[in-house]
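Enquirer:
Residue numbers (my numbering): 62 to 364.
#1: Evaluate the contact criterion for the segment 312–323 versus the segment 246–253: three or more CB pairs, one atom per stretch, below 8 Å.
#2: Mind checking residue 310: buried by the 16 CB within 10 Å criterion, or exposed?
#3: DSSP on residue 208, reduced to helix/strand/coil?
#4: Mapping DSSP to helix, strand and coil, what is residue 236?
#5: Thinking residue 155 and residue 221 are a contact (beta carbons under 8 Å), I'd like their distance in whole angstroms, please.
#6: May I have a chain-ordered list of the alpha helix (DSSP H) segments no shorter than 4 residues that lie completely inside the segment 165–227?
#7: Check whether the segment 152–171 touches the segment 112–120, taking contact to mean three or more Cβ pairs, one atom from each stretch, closer than 8 Å.
#8: Please classify residue 300: does DSSP put it in a helix, a strand, or coil?
#9: Measuring straight from C-alpha to C-alpha, what distance separates residue 266 and residue 79?
#10: Could you give the distance in angstroms between the alpha-carbon of residue 175 and the alpha-carbon of residue 144?
#11: Where does residue 217 land, buried or exposed, given buried means 16+ other C-beta within 10 angstroms?
#12: Mind checking whether residue 228 and residue 179 have CB atoms under 8 Å apart?
#13: Bridge partners of residue 82, per DSSP?
#14: With a CB to CB cut of under 8 Å and the five nearest residues on each side skipped, what residues in its chain are close to residue 83?
#15: Spell out the partners DSSP gives residue 276 in its beta bridges.
#16: Below 8 Å, can you find three or more Cβ-Cβ pairs linking the segment 277–293 to the segment 325–338?
#17: Quick check on this structure: which residue in 224, 301 and 244 has the alpha carbon closest to the alpha carbon of residue 324?
#18: Using 10 angstroms around the beta-carbon of residue 88, count the other beta-carbons present and answer buried if the total reaches 16, otherwise exposed.
#19: Below 7 Å CB to CB, which residues in the same chain sit around residue 150 once its five sequence neighbours on both sides are set aside?
#20: Please determine, among 297, 67, 126 and 202, the residue with the shortest C-alpha to C-alpha distance to residue 104.
#21: Between the C-alpha atoms of residue 264 and residue 113, what's the straight-line distance to the nearest angstrom?
#22: Can you check which of these residues, 76, 193 and 226, is closest to residue 378 by C-alpha distance?
#23: Sorted by chain position, which residues of the same chain lie with C-beta nearer than 8 Å to residue 320's C-beta, five sequence neighbours on each side aside?
#24: If distances are taken between C-alpha atoms only, which option among 230, 135, 107 and 159 comes closest to residue 205?
#25: What does DSSP give as the partner residue(s) for residue 142 in the beta ladder?
#26: State the beta-bridge partners of residue 106 as determined by DSSP.
#27: Enumerate in chain order the residues of its own chain whose CB-to-CB distance from residue 261 is below 6 Å, with the five nearest sequence positions on each side excluded.
#28: By a C-beta neighbour count over all protein chains shown, 10 Å radius and 16 as the cutoff for buried, is residue 199 buried or exposed?
#29: In chain order, what residues of the same chain have a beta carbon less than 7 Å from the beta carbon of residue 133, not counting five sequence neighbours either side?
#30: Sorted by chain position, which residues of the same chain lie with C-beta nearer than 7 Å to residue 258's C-beta, five sequence neighbours on each side aside?
This is the structure in structure tokens:
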């Protein structure tokens with residue numbers, strides 16, 4: 062039995078509680094008590110120096126702090142970690158974004174995964190892509206490629222990247238401390254790829270930041286940096302946008318790219334960022350009329 066995301070969640074749960082009964086842990090994770098005990102044994106087998114979870118009279122305790130918890134995760138190799146289908150799919154999605162195609166056989170061999178696992182994951186990936194109006198194309202003797210709406214593909218991958226990234230106050234992407242081995246693998250793939258475009262990304266980011274007079278919240282800051290990074294990467298590799306998202310109101314137009322489609326989509330993205338103070342919007346007569354109708358109806362309801 063290897064370490065997996067459920068095992069790590071159990072450690073974090075005990076760490077947060079400091080002391081918890083096996084009964085309560087089994088209820089929390091919807092597992093029987095014997096399964097919890099086996100997971101504790103597995104955890105302690107993978108710790109290098111000492112038992113990190115103790116069982117005494119049916120009570121689970123740990124002396125770990127958060128830093129030691131993240132160090133434990135960092136010490137795990139990919140071969141010691143049992144990945145979930147979602148974690149493997151995310152790795153494929155990120156690989157497909159940063160490369161023209163992905164040789165799944167080579168990737169799964171590198172990760173120590175079986176042919177059966179690859180087949181099952183490919184089937185699941187196709188289902189996920191179909192739900193997003195994207196498709197998986199097989200390139201003979203090369204691998205797979207994800208095709209369809211470029212906007213949707215970018216945002217789909219950015220959503221996954223947000224889970225494994227942190228961003229500092231200087232708008233620099235960093236590894237999330239609690240990343241598991243698969244998340245670290247995906248993080249390294251992305252960071253290594255965009256390193257070639259850092260000068261372009263930083264130039265556009267700096268230009269944008271210097272031309273707005275607002276503070277951007279942490280989550281929005283991370284989303285902004287990832288969106289810019291992915292947009293630059295895809296354009297530089299001949300995957301530009303050829304359509305934009307239609308929004309019902311006017312947004313401030315930000316011009317940082319050479320493409321009107323890219324600028325409009327970036328402007329749409331900027332308009333949803335959480336900022337302080339709130340961003341000003343261009344006057345929109347349609348929005349004004351709708352707002353007045355809404356207020357009038359609200360006043361009628363109050364009366």
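Backbone N, C-alpha and C define an ideal beta-carbon position, used for all residues, glycine too.
Expert: According to the structure data:
#1: no
#2: Translated into the one-based positions of the chain shown, residue 310 becomes position 249. Exposed, because fewer than 16 other Cβ atoms sit within 10 Å of the Cβ of residue 310.
#3: Residue 208 sits at position 147 when you count from the first residue of the chain shown. Correct three-state label for residue 208: strand.
#4: Position 175 of the chain shown, counting from 1, holds the residue named residue 236. In the structure shown, residue 236 sits in a strand (DSSP, three-state: E or B).
#5: As a working note, residue 155 is residue 94 in the chain shown. As a working note, residue 221 is residue 160 in the chain shown. That pair is a contact at about 7 Å.
#6: 165–171, 176–192 and 211–222
#7: no
#8: In the chain shown, counting from the first residue as 1, residue 300 sits at position 239. If DSSP states are grouped into helix, strand and coil, residue 300 belongs with coil.
#9: Residue 266 sits at position 205 when you count from the first residue of the chain shown. Residue 79 sits at position 18 when you count from the first residue of the chain shown. C-alpha separation (whole angstroms): 42 Å.
#10: Within the chain shown, the letter at position 114 stands for residue 175. Within the chain shown, the letter at position 83 stands for residue 144. Taking the straight line from one Cα to the other gives about 12 Å.
#11: Taking the chain shown and counting its residues from 1, the one referred to as residue 217 is at position 156. So residue 217 ends up on the buried side.
#12: If you number the chain shown from 1, residue 228 lands on position 167. If you number the chain shown from 1, residue 179 lands on position 118. Their beta carbons are not under 8 Å apart, which means residue 228 does not touch residue 179 by this criterion.
#13: Working through the chain shown from its first residue, we reach residue 82 at position 21. Paired residues: 120.
#14: On the chain shown, position 22 is the one that residue 83 refers to. For residue 83, where only same-chain residues beyond five positions count, the Cβ hits under 8 Å are 94, 97, 98, 116, 119, 120 and 121.
#15: Working through the chain shown from its first residue, we reach residue 276 at position 215. DSSP lists 337 as partners of residue 276.
#16: yes
#17: Against the chain shown, residue 324 aligns to sequence position 263. Per the Cα distances, 301.
#18: By 1-based counting over the chain shown, the position of residue 88 is 27. Its Cβ having fewer than 16 others within 10 Å, residue 88 is exposed.
#19: Start at 1 with the first residue of the chain shown, and residue 150 comes out as number 89. Excluding residues within five positions, the ones whose Cβ falls inside 7 Å are 182, 185, 186 and 189.
#20: On the chain shown, position 43 is the one that residue 104 refers to. Comparing Cα positions, the closest option is 67.
#21: For this step, residue 264 is matched to residue 203 along the chain shown. For this step, residue 113 is matched to residue 52 along the chain shown. So the alpha carbons of these two residues sit roughly 46 Å apart.
#22: Since the displayed the chain opens at 62 and closes at 364, residue 378 lies outside it and no answer follows.
#23: Numbered from its first residue, the chain shown carries residue 320 at position 259. Taken in chain order, the residues that qualify are 296, 301 and 302.
#24: The sequence position of residue 205 within the chain shown is 144, counting from 1. Cα-wise, what sits closest to residue 205 is 159.
#25: Reading the chain shown from its first residue, position 81 is the one you call residue 142. The partner list for residue 142 (beta bridge, DSSP) reads 64.
#26: As a first step, residue 106 is located in the chain shown; it is residue number 45 there, counting from the start. Per DSSP, none; premise fails for residue 106.
#27: Counted from its first residue, the chain shown places residue 261 at position 200. The residues are 293.
#28: Locating residue 199 in the chain shown gives position 138, where the first residue counts as 1. Classification for residue 199: exposed.
#29: Position 72 of the chain shown, counting from 1, holds the residue named residue 133. If we look at residue 133 and ignore the five residues flanking it on each side, its Cβ neighbours are 108 and 113.
#30: Residue numbering aside, residue 258 sits at position 197 when the chain shown is read from its first letter. Closer than 7 Å at Cβ, skipping near neighbours: 293, 294 and 297.
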